[in-house]
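What follows is a single structure, written as C-alpha cells, with notes after it.
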Amino acid sequence: MNHLFSGQTLCSDSPQDIFWLDTLYKAANLEPTFSLKPLEGFVGRAEASEILRHLPTTKHHRALSDATALMEACAALISC
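By the numbering used here, the letter at position 32 of the sequence shown is numbered 32, and the numbering carries on one by one without gaps.
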C-alpha cells in the first residue's frame with residue numbers, strides 16, 4: 001500500500017479501517033506513507049451520514065473478502 005498510495009489521502013467508509021491499518025503497520029514495524037481518513041473528514045458528518053444512508057447495507061462481515069483482496073494485491077506486487 002505504501003508503494004501504491006504514497007503521499008495520498010485515502011477515504012474509508014468504516015472507522016475500524018483506521019484502527020486495523022494502524023495495527024497491521026505497527027505489527028510489521030512500518031509507517032504508512034499515506035493517510036487514511038473517514039468519509040466525515042472529507043465531506044463533514046451530516047453529508048457523510050446522508051451518503052452512507054444511500055449505500056446498500058450488507059449483513060455479513062466483510063473483513064475476509066477485504067483481507068483476501070489485499071493479500072492478492074500484495075502477492076501480485078511482490079511477484080513483479
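Using N, Cα and C, we set each Cβ at its ideal position, and we do this for glycine too.
| Asked | Found |
| --- | --- |
| DSSP state of Pro38 mapped onto helix, strand, coil | strand |
| Whole-angstrom C-beta distance between Ser6 and Thr33, which should lie under 8 Å | 4 Å |
| Cβ separation of Ala48 and Leu39, assumed to be a contact under 8 Å, to the nearest whole Å | 4 Å |
| Cut-off 8 Å between Cβ atoms - residues of its own chain near Leu55, not counting five sequence neighbours on either side | Asp13 |
| Start and end residues, beta strand (DSSP E) containing Leu10 | Thr9 to Ser12 |
| Residue environment, Met71, which counts as buried when at least 16 other CB atoms sit within 10 Å | exposed |
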